[in-house]
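>
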Amino acid sequence: MLLKRWKTGVKKMPYREEMPVEKGMDHTLSFLTEGYMYISNRMKKYDREIFQTRLLGGKKIICLAGKDAAKVFYDNEKFKRQGAAPERVLKTLFGQQGVQTLDGTKHRRRKQLFMSLMTGERLREASGIFKREWLEALNQWETADEIVLYDEVRKILTKTACKWAGVPLPEHKMQERVVQLSAMFEGGGAIGGRYIRGKHARKQAEQWISDMINRVRSGDLKASDNSALYRFAMFQDEKGEFLRAEIAAVELINVLRPIVAISVYIVFLCLGIVCFSCRKEKTGIWRGRGVGTVHSGGTPILSIFPHGGCQSEKGLLVEGFRF
1 MLLKRWKTGV
11 KKMPYREEMP
21 VEKGMDHTLS
31 FLTEGYMYIS
41 NRMKKYDREI
51 FQTRLLGGKK
61 IICLAGKDAA
71 KVFYDNEKFK
81 RQGAAPERVL
91 KTLFGQQGVQ
101 TLDGTKHRRR
111 KQLFMSLMTG
121 ERLREASGIF
131 KREWLEALNQ
141 WETADEIVLY
151 DEVRKILTKT
161 ACKWAGVPLP
171 EHKMQERVVQ
181 LSAMFEGGGA
191 IGGRYIRGKH
201 ARKQAEQWIS
211 DMINRVRSGD
221 LKASDNSALY
231 RFAMFQDEKG
241 EFLRAEIAAV
251 ELINVLRPIV
261 AISVYIVFLC
271 LGIVCFSCRK
281 EKTGIWRGRG
291 VGTVHSGGTP
301 ILSIFPHGGC
311 QSEKGLLVEG
321 FRF
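Below, the structure is given as structure tokens:
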């Protein structure tokens with residue numbers, strides 16, 4: 001099942017009405033071609049916030065959208081994560097046996113570890129690191145003939161992520177780590193060369209972090225007690241055992257990679273500002289023309305991953321529709 005993350009402006013899910021079905025054996029090519037608009041286009045076509053299609057080799061997929069759908073989608077009693085993400089996504093974006101693939105007690109316990117890093121103090125620390133790195137980069141940009149913004153922002157965010165997480169990052173390894181962390185989200189769900197690069201980058205990054213996890217556990221590498229590196233290295237599961245170093249590495253990368261992925265949003269934001277004539281109204285809302293609107297009423301128009309997936313329990317009845 002896929003969930004569209006924003007409002008579509010079409011009718012609410014009907015009660016006990018036949019679900020619209022997209023005809024055809026498989027629509028993966030359309031899904032890849034249309035990207036963000038795949039679900040929205042069909043919501044408008046069927047005038048519903050729910051429909052059934054076939055993707056990934058003809059598998060039946062139910063697509064939902066809207067506020068009510070989001071509540072259903074995140075009900076752990078109705079849906080599960082395990083087995084929902086395609087292998088291609090696990091081998092590039094998420095990693096094997098990470099928190100995105102768990103259910104029940106294992107998921108809640110692992111998620112608590114992530115949320116322990118999200119305190120106000122820790123988030124302010126991350127913002128401070130990013131600001132310092134950004135200002136330092138600005139000084140260098142002023143003397144450069146030209147810069148590639150995406151490359152520069154990825155470097156800033158890689159430094160920010162590693163410093164905040166307590167992960168040592170020697171200068172001579174900087175570009176290598178930037179490329180590895182970026183390739184995982186650039187190749188997430190991709191095909192061809194991007195997928196191969198993303199898969200290879202994940203293997204390299206997991207080896208890098210696994211070695212670091214082992215060094216922290218053995219005492220060869222000192223890490224601050226409140227750092228993400230230390231927390232994941234010393235985390236114990238429900239049996240009181242350390243995670244395998246490979247799995248701990250997957251989870252620590254789940255901290256680093258999303259921070260670096262913000263580079264995509266920053267570049268989109270800058271592109272929108274440059275390409276469209278924007279004006280700030282008294283309401284504080286920035287408006288452009290057409291698809292160029294970067295921000296409207298607090299809702300981002302440009303998103304990195306607009307869909308989320310999970311598996312439903314058999315026989316599940318939601319809003320009159322049986323899954």
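Using full-length UniProt numbering, read the sequence shown as starting at 1 and increasing by one per residue. Note that beta-carbon positions come from the ideal geometry of N, C-alpha and C, so glycine has one too. The structure presented is a predicted model; accordingly, all values stated were derived computationally and were not measured.
1. Looking only at its chain, what residues have a beta carbon closer than 8 Å to the beta carbon of Leu117, apart from the 5 residues adjacent to it on each side?
2. Excluding the 5 residues preceding and the 5 following Phe31 in the sequence, name in chain order all residues of the same chain whose CB lies nearer than 7 Å to its CB.
3. In angstroms, rounded to a whole number, what distance separates the CA positions of Ile191 and Pro86?
4. Going by beta carbon distance, what residues of the same chain come within less than 7 Å of Arg194, once the five residues before and after it are set aside?
5. In terms of residues, what are the limits of the beta strand (DSSP E) holding Ala63?
6. Within 10 angstroms of the Cβ of Ala144, are there 16 or more other Cβ atoms? Answer buried if so, exposed if not.
7. Around the Cβ of Cys310, are there at least 16 other Cβ atoms within 10 angstroms (buried) or fewer (exposed)?
8. If contacts are defined as beta-carbon pairs under 8 Å, then Glu238 and Arg109 qualify, I think. What distance do you get, rounded to the angstrom?
9. Alpha carbons only, please: which of Phe242, Ala65 and Ala70 is nearest the one belonging to Tyr36?
10. Mind checking Thr299: buried by the 16 CB within 10 Å criterion, or exposed?
11. Residues in the same chain with beta-carbon distance under 7 Å from Ser182, minus the five sequence neighbours each way, listed in chain order, please.
12. Quick check: what's the CA-CA separation for Glu179 versus Glu18?
13. Under the three-state reduction of DSSP, which class applies to Thr143: helix, strand or coil?
14. How would you call Glu77, buried or exposed, if buried means at least 16 neighbouring beta carbons within 10 angstroms?
15. Suppose you measure from the CA of Leu93 to the CA of Glu251; what does that come to, to the nearest Å?
16. Where in the region 139-226 do unbroken runs of the beta strand (DSSP E), each at least 3 residues long, occur, reported from the N-terminal end onward?
17. What three-state label does DSSP hand Arg132 in the structure shown?
18. Where does Lys159 land, buried or exposed, given buried means 16+ other C-beta within 10 angstroms?
19. Assuming contact is defined by CB atoms lying nearer than 8 Å, are Ile213 and Ala248 in contact in what I supplied?
20. DSSP on Gln100, reduced to helix/strand/coil?
21. Measuring CA to CA, which of Gln82, Glu142 and Ser127 is closest to Lys106?
22. Secondary structure at Arg48, three-state DSSP: helix, strand or coil?
23. For Thr105, which of helix, strand or coil comes out of DSSP?
24. Does chain D have any CB closer than 8 Å to the CB of Ser224?
25. From which residue to which residue does the alpha helix (DSSP H) around Val264 run?
So, from the data block:
1. Ala228, Arg231 and Val255
2. Tyr38 and Leu55
3. Looking at the two C-alpha atoms, the distance is approximately 13 Å.
4. Excluding the 5 residues flanking it on each side, Arg194 has same chain C-beta neighbours closer than 7 Å at Glu186 and Gly187, in chain order.
5. The sequence as given places Cys at residue 63; Ala does not occur at that position. It spans Lys59 to Ala65 - the beta strand (DSSP E) in which Cys63 sits, taken as one unbroken run.
6. By the Cβ neighbour-count rule, Ala144 is exposed, with fewer than 16 other Cβ atoms within 10 Å of its own.
7. buried
8. 6 Å
9. Ala65
10. Low per-residue confidence applies at Thr299: pLDDT is 42, beneath 50, and the placement is therefore not dependable, though the value from the model is reported in the following sentence. Exposed, by the Cβ-count rule.
11. Arg154 and Val260
12. According to the sequence shown, residue 179 is Val rather than Glu. Each residue's Cα considered, the two are about 47 Å apart.
13. Correct three-state label for Thr143: coil.
14. exposed
15. 12 Å
16. none
17. helix
18. buried
19. yes
20. helix
21. When the alpha-carbon of Lys106 is set against those of Gln82, Glu142 and Ser127, the nearest one is in Gln82.
22. coil
23. helix
24. In the structure shown, chain D cannot be found, because there is only a single protein chain.
25. Ala245 to Cys275
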